[in-house]
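Let me begin by presenting the structure, written as structure tokens, before commenting on it.
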Amino acid sequence: MKKQALVSFAMALCGAAAALPPAYAAEVIVVTVAPETSVAAREYAQGAALYFAHVNATVAAAGTKITVVEQRDARPRPETREAVAYLTAGGRGAVQDVLPALRMHGTPLLTPDEAQSSEPVRLVFSTRPRAAEEAAATVRRLYDMGMRRIAIAAAEGPAGRAAIDAARARMAARGVTLAAAVDLPGHAAGIAAAADAVASAKVQGIAVVGETQRAAAFTQALRDRGSYALVVTGSSIDARSLRAQLSESAAIWLATADTLPDVQEARRAEAVVTEYRALQARYGGTAGMSSTAALEGFIAAKVLVEAVRRSGPKPTAAGVRQALETLADFDVGGARVSFRDPAASGLIYARISLLGSPH
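For the sequence shown, our numbering begins at 1 and goes up steadily by one.
This is the structure we're talking about:
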């Protein structure tokens with residue numbers, strides 16, 4: 001079962017309006033894959049459709065067509081043979097399922113989800129940040145908040161080392177050296193040594209990456225040594241479970257780093273959230289669209305529109321894929337997207353939110 005909608009398309013709006021090339025010689029087809037069983041995937045597709053509808057409504061001249069085809073599965077179909085892109089938020093399984101369709105014409109996929117692919121060309125563009133990008137964005141946010149003595153602690157292993165390296169590189173780009181960078185091993189003596197190093201560095205804020213149990217042991221040890229630096233946890237850590245494992249005094253100055261803008265935030269809303277809400281009100285969105293998944297789809301649509309614009313007057317899957325591969329630091333409205341580094345995820349964003357009192 002599928003539904004189709006034809007929308008005229010001649011201008012990409014991302015913050016400031018950017019004129020597209022003259023009318024395309026062919027239709028631009030975008031396929032959104034929304035599995036029947038996935039609420040998040042459907043909301044993601046709805047968020048993307050909202051931005052496409054807005055672009056359609058702001059057309060100054062007719063001539064270009066985007067065909068948005070919504071599918072409940074990823075099987076290649078005749079009407080999608082000229083598709084320039086796929087979008088889905090159905091999880092890693094859905095990404096793997098859609099790969100045959102992508103391979104058929106070298107079509108790129110925008111998705112929040114990671115997927116392993118050994119394709120000779122890059123087909124999957126994941127927007128949700130990995131631990132390394134998340135850690136780098138967090139230390140940068142701490143710096144932007146005015147802190148100058150910043151540390152990172154990461155669970156011992158390749159992923160933790162990658163997070164530390166990314167955080168160091170992000171700060172080095174600003175001419176700043178981290179006050180401390182420590183591994184968190186799986187034994188008490190190593191955790192104590194890490195807490196000693198961070199406490200002696202007298203840091204103001206620290207990003208903690210890894211798993212919940214080590215993060216809790218490290219945070220408690222840090223507080224026991226008299227350090228009340230702001231502890232900011234990454235998405236791999238269950239911040240509320242961590243807080244519950246701490247003594248009441250140790251649970252103060254505990255925060256989490258949000259890796260997407262909050263679609264329900266009003267007072268501190270990022271520009272992309274303000275835009276999303278305004279367009280939702282204009283075009284009549286549903287209650288289910290006030291979700292992170294819908295905002296992710298909206299952002300993906302903005303990125304895709306930009307890639308289509310950059311691909312030239314006759315967009316093809318190869319042209320859009322190349323535009324995505326070279327996309328760097330593209331501002332979608334308070335968050336930025338980069339795909340130039342194939343080892344990194346696209347979205348670069350972190351907002352630090354304090355958790356409530358421990359009890």
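Glycine included, every Cβ here is placed at the ideal spot set by N, Cα and C. On a predicted model such as this, the values are computed, not experimentally measured, just so you know.
| query | Taking buried to mean at least 16 other C-beta atoms within 10 Å of its own C-beta, is S249 buried or exposed? | reply | exposed
| query | With respect to the alpha helix (DSSP H) encompassing T292, which residues constitute its N-terminal and C-terminal limits? | reply | T292 to R310
| field | Euclidean distance between Cα positions of A136 and I29 | value | 35 Å
| When we look at the beta-carbon of V139 and count the other beta-carbons within 10 Å, is it buried (16 or more) or exposed? | buried
| message | Check whether the stretch 298-309 and the stretch 318-335 are in contact - that is, three or more C-beta pairs closer than 8 Å. | response | yes
| said: I need the DSSP call for E134, collapsed to helix, strand or coil. | reply: helix
| Which residues in the same chain have their Cβ closer than 6 Å to the Cβ of S38, if we skip the five residues on either side of it in sequence? | G90
| said: Between T32 and A53, how many whole angstroms is the CB-CB distance? I'm expecting something under 8 Å. | reply: With 8 Å as the limit, T32 and A53 do not qualify as a contact, their Cβ atoms being about 13 Å apart.
| task | Hey, could you find the ends of the beta strand (DSSP E) T111 is sitting in? | result | L109 to T111
| Every unbroken alpha helix (DSSP H) inside the stretch 163-216 [4 residues or more] | 188-200
| Looking only at DSSP bridge pairs, what is S353 linked to? | T256
| said: For T107, count the other beta carbons within 10 Å of its own beta carbon; 16 or more makes it buried, fewer makes it exposed. Which is it? | reply: buried
| query | Using the C-alpha atoms, what's the distance from P78 back to R103? | reply | 15 Å
| Sequence-distant residues of the same chain with beta carbon closer than 8 Å to C14, five excluded per side | Low confidence applies to C14: its pLDDT is 26, below 50, so where it sits in the model is not reliable, and the reading given next is rough at best. Within the same chain, C14 has close Cβ partners K302, V305, E306, F330, D331, V332 and G333.
| Do Q220 and L184 come within 7 Å of each other at the CB atom, strictly closer than that value? | no
| Unbroken beta strand (DSSP E) run spanning A151, endpoints | I150 to A155
| Where does R240 sit, in a helix, a strand or coil, going by DSSP? | helix
| field | Segment limits, beta strand (DSSP E) that includes L87 | value | A83 to T88
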